[in-house]
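Colleague: I am attaching a structure below and will ask some questions about it afterwards.
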Amino acid sequence: MRQIKTRFPPSPTGHLHLGGARTALFNWLFARHHQGVFVLRFEDTDRERSRPEFVDSIREALEWLGLHWDEGPYFQSQRLEIYREYARRLYEEGKAYYCACPPEELERKRKEALAAGRKPGYDGTCREKGLPPGPGRVLRLKVPPTGSTVVEDLIRGPVAFDHRELDDFILLRSDGTPTYHLAVVVDDLTMGITHVIRGDDHLSNTPKQILLYQALGAEPPRFAHVPMILGPDGQRLSKRHGARSILEYREEGYLPQALRNYLVRLGWSYGDQEIFTLEEMIERFDLSRVSRSAARFDPEKLLALNAHWLRATPLKELAEEVKPFLRRLGLPLPREDYLQAALATVQPRARTLKEAAEMLTFYLVEEVEYQPEAARKFLTPEIAPVLERLLRALEEVEFTDEALERLFRGMAEETGLKLKKIAQPVRVALTGKTVSPGLFEIMRILGRERVLRRLKRALNYLQGGAS
RNA sequence: GUCCCCGUCGUCUAGCCAGGUCCAGGACACCGGCCUUUCACGCCGGCAACGUGGGUUCAAAUCCCGCCGGGGACGCCA
C-alpha cells in the first residue's frame, strides 16, 4: 500500500483555535499511526483576509502542541501557476467554461431564488456560450446535470449527492486566482495526499471536489469528515469560548499534553480510557472510533485534564514550565532545589501553571502581604503567647516535617488548644493566607530563618505595631 | 427554502454494525463521606441519560419508517 499522507491546511485568516487544532491533531495522529507523512499547507488564496502574522501564530501553536509537520509548509499563493495550468487543461478539454455574468447579477439571482424558495446555485447562463477567457470572466466547472456522486466517507459511510443539488462552481476567479475547490484538489492531488480528514462542514463540498478529480482524470483521496466542535451553548464556536487561540491557552498555563488529551477525546474514544500519553494516542488512534455527532467544548473538563497532567509532570520539567509565569508575576527565581521543593507542595493544588506560579508567591517574596480577612481572623492578640513560645522552640527544633509536627502537637497539648487554632495563625503569618500547602512542609522549605522572621513580624503586627 | 449530517446522564463518551449478559458502564461537573493543620490530592458513596411516535421481534439503546430537535452546506471565503 502507498504511504499514508495527510495534511492540515489552515487559511491564515485567524489564529489556530480548538476546532482547527483538533483537525490537525487527528491528521497528525493518523499519519503517525501509519508511519505516514503529515503536511502543513497554508491556504492563503484569499488575499483580502490572509495575514502573515497568522501564518506565524499557527505555526507556533502547532509546534507548541507538538504537531510537527514532515513536509511544508506550502503556500498556495506561491503555487498559482500550477492551478492555472490545471485550469487551462480543464478549459481546453471542454470540462470547464468561462462565465461573464456580473457578480451583482449573480447576487441578485441568488437572493431572488432564496426568497422564492429555490436553490440559490448558479443557473448556467454562460454554460453553452463557448466564451473565451477574458477580463472579468470566471472559469466554472461543467457539472454533469444528471446522476449523483457518492462520497464514501470513512466515518459516515456512503453519502449520496444528487447532481441537481450542485451547480457549476467557480474554479478561477476573474483575477485569475484559484478558488478553494480548485486549489485543494490540485494541491491534494499533486502532493499525493491519501487521506483528507477535515471538519464535517466540508462534507457537502466533497462531491464537488470528487467531480473535479474526475474531470482531471484522477483518483480522489479517501475522505473522513469528523464532527464539529460546538461551544458550551451548542452554537458554533465563537470568540466568547473555544474560538480562543491555542496560544491563549498556553498563556493561561495549560500544558500541550492536556490540550492534546482533551482534544483527542472530543469525537474519538478508546473504550473507557480517558488519559492518553502521546505514544498511546498514536498507537490507538483510528478513524473507525471517531464519533459522528458534534461535541460541545467543556472548559471544566479541559481544566481537570490540565490538573491531571500537571500532577503527572516531573518536578524538574514543571520547574522549567513555571518559570515564565513566575517572571511574569515579577517574582525572583530561586535556587533550583528550592524551587522544586516548593513546587512539589503546590503541584497537587494547582490546575494551571499560572495558578502554580501564584501559589508559589509566598515562597519567593521577601515579606508576605496579609489578606485582610485572614489577618483579622487569625492574627489576634490571644495567640501572641503561643507564638512567642513557638518562636523560642523553633530556634532549637530540627526543620523536618516530623520534628515540626511533633513540636506543634506538643504545643497544642501544653496550651490545651486545638492544633488548628495554632496552625491557622502560623499559616497566615507565613503565607498571608488561610489556604496553603501543608504547614510543616512549608516551614521546612522556607527554612528556620525566614520562618522566625515572619513569625516575629506577625507578632509585632498583632500587638498593634506597624508591620 | 433546498440538500446533507447528527440525536445515550448537565458535558465528553462506552454500548449500536454482529438485538437478549444494559432496570445502560466510565470520565468531568455537582452532592455527601473518609483522610486532615487550611486548601487540594487520594479514597468511598450518591444524583443523573437511550429526543418522540409507530413498526419488526419471544425480546430493541441496538433493526426499519415518520416526526421533532440540533448542526452544516448552498460565496469570485476556506
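Residue numbers (the numbering used here): 34 to 500. Every residue, glycine too, gets a C-beta built ideally from N, C-alpha and C. Just so it is clear, the structure is predicted and the values come from calculations on it, not from any experiment.
Using DSSP with H/G/I as helix, E/B as strand and the rest coil, what is Leu-49?
Modeller: Here Leu-49 sits in coil by DSSP.
Colleague: Mark Leu-492 as exposed unless 16 or more other C-beta atoms lie within 10 angstroms of its C-beta, in which case mark it buried.
Modeller: Buried.
Colleague: How is Lys-334 classed by DSSP in three states: helix, strand or coil?
Modeller: Helix, per DSSP.
Colleague: So is His-258 buried or exposed if we call it buried at 16+ other beta carbons inside 10 Å?
Modeller: Label assigned to His-258: buried.
Colleague: Within its chain, find whatever has a CB closer than 8 Å to the CB of Ala-407; leave out the 5 residues flanking it on each side and keep chain order.
Modeller: These residues qualify, in order along the chain: Val-461, Gly-465, Lys-466, Thr-467.
Colleague: Measure the alpha-carbon distance for Phe-395 versus Leu-452 and round it to whole angstroms.
Modeller: Using only the alpha carbons, I get a separation of about 22 Å.
Colleague: Please go through the stretch 223-258 and give each complete alpha helix (DSSP H) segment of 4 or more residues, from N-terminal end onward.
Modeller: 239-248, all fully within the stretch 223-258.
Colleague: Which residue wins for smallest C-alpha separation from Ala-133, given the options Arg-151, Cys-159, Phe-473?
Modeller: Minimum Cα distance to Ala-133 is reached at Cys-159.
Colleague: Kindly list the residues whose CB is nearer than 8 Å to the CB of Glu-316, restricted to its own chain and excluding five residues on each side of it in sequence; keep chain order.
Modeller: Cβ within range, chain order: His-66.
Colleague: In three-state terms, what does DSSP make of Val-297?
Modeller: DSSP places Val-297 in helix when its eight states are reduced to three.
Colleague: Locate the beta strand (DSSP E) running through Tyr-130, then write down its first and last residues.
Modeller: Its beta strand (DSSP E) spans residues 129-132.
Colleague: In chain order, what residues of the same chain lie with their CB nearer than 7 Å to the CB of Arg-35, ignoring the 5 residues before and after it?
Modeller: Closer than 7 Å at the Cβ level, and outside the excluded window around Arg-35, lie Thr-227.
Colleague: For Ser-237, I'd like the list of residues in its chain whose CB is within less than 8 Å of its CB, leaving aside the five on either flank, ordered along the chain.
Modeller: Cβ within range, chain order: Phe-194.
Colleague: Is it the case that the Cβ atoms of Gln-242 and Val-217 are separated by a distance below 9 Å?
Modeller: Yes, the pair counts as a contact, with Cβ atoms nearer than the cut-off.
Colleague: So, using beta-carbon positions, are Ser-44 and Ser-83 closer together than 9 Å?
Modeller: A contact, by the Cβ cut-off of 9 Å.
Colleague: So, for Thr-433: in the same chain, excluding its five sequence neighbours on each side, which residues have a beta-carbon less than 7 Å away from its beta-carbon?
Modeller: Arg-477.
Colleague: Residues in the same chain with beta-carbon distance under 7 Å from Phe-87, minus the five sequence neighbours each way, listed in chain order, please.
Modeller: Here the set comprises Pro-45, Thr-46, Gly-47, His-48.
Colleague: Is it buried or exposed, Val-29, if we count other Cβ atoms within 10 angstroms and call 16 or more buried?
Modeller: No answer is possible for residue 29: it lies beyond the span of the chain, which begins at 34 and ends at 500.
Colleague: Using a 10 Å radius around the Cβ and a threshold of 16 neighbouring Cβ atoms, would you call Lys-38 buried or exposed?
Modeller: Lys-38 is buried by the Cβ-count criterion.
Colleague: Report yes or no: do three or more beta-carbon pairs, one from the stretch 94-109 and one from the stretch 346-363, lie closer than 8 Å?
Modeller: As far as the Cβ criterion goes, the stretch 94-109 does not touch the stretch 346-363, which means the pair count is below three.
Colleague: Give me, in chain order, the residues of the same chain whose beta-carbon lies closer than 8 Å to that of Leu-244; leave out the 5 immediate sequence neighbours on both sides.
Modeller: For Leu-244, where only same-chain residues beyond five positions count, the Cβ hits under 8 Å are Leu-174, Val-176, Pro-177, Thr-182, Leu-199.
Colleague: With a cut-off of 8 Å, do at least 3 Cβ pairs link the stretch 261-270 to the stretch 202-210?
Modeller: Result no; under three Cβ-Cβ pairs closer than 8 Å.
Colleague: Just to check my reading of the structure: Ala-328 and Gly-300 have Cβ atoms closer than 8 Å, yes? What is that Cβ distance to the nearest angstrom?
Modeller: Their Cβ separation, rounded to whole angstroms, is 5 Å, which keeps Ala-328 and Gly-300 in contact under 8 Å.
Colleague: Judging by CA-CA distance, which residue of Leu-397, Leu-495, Thr-56, His-341 is the nearest neighbour of Ile-230?
Modeller: Looking at the Cα atoms, Thr-56 is the closest of the given residues.
Colleague: Are there 16 or more other CB atoms within 10 angstroms of the CB of Thr-385, so buried, or fewer, so exposed?
Modeller: Label assigned to Thr-385: buried.
Colleague: What's the C-alpha gap between Ile-416 and Glu-350?
Modeller: Each residue's alpha carbon lies about 41 Å from the other.
Colleague: Which term fits Ser-500, buried or exposed, when burial requires 16 or more other beta carbons within 10 angstroms of its beta carbon?
Modeller: Residue confidence for Ser-500 is low, a pLDDT of 48 falling below 50, so the modelled location carries little weight; the figure read from the coordinates is stated next. So Ser-500 counts as exposed.
Colleague: My output table needs one value for Gln-306: the three-state DSSP class, helix, strand or coil.
Modeller: The answer is strand: DSSP assigns Gln-306 an E or B state.
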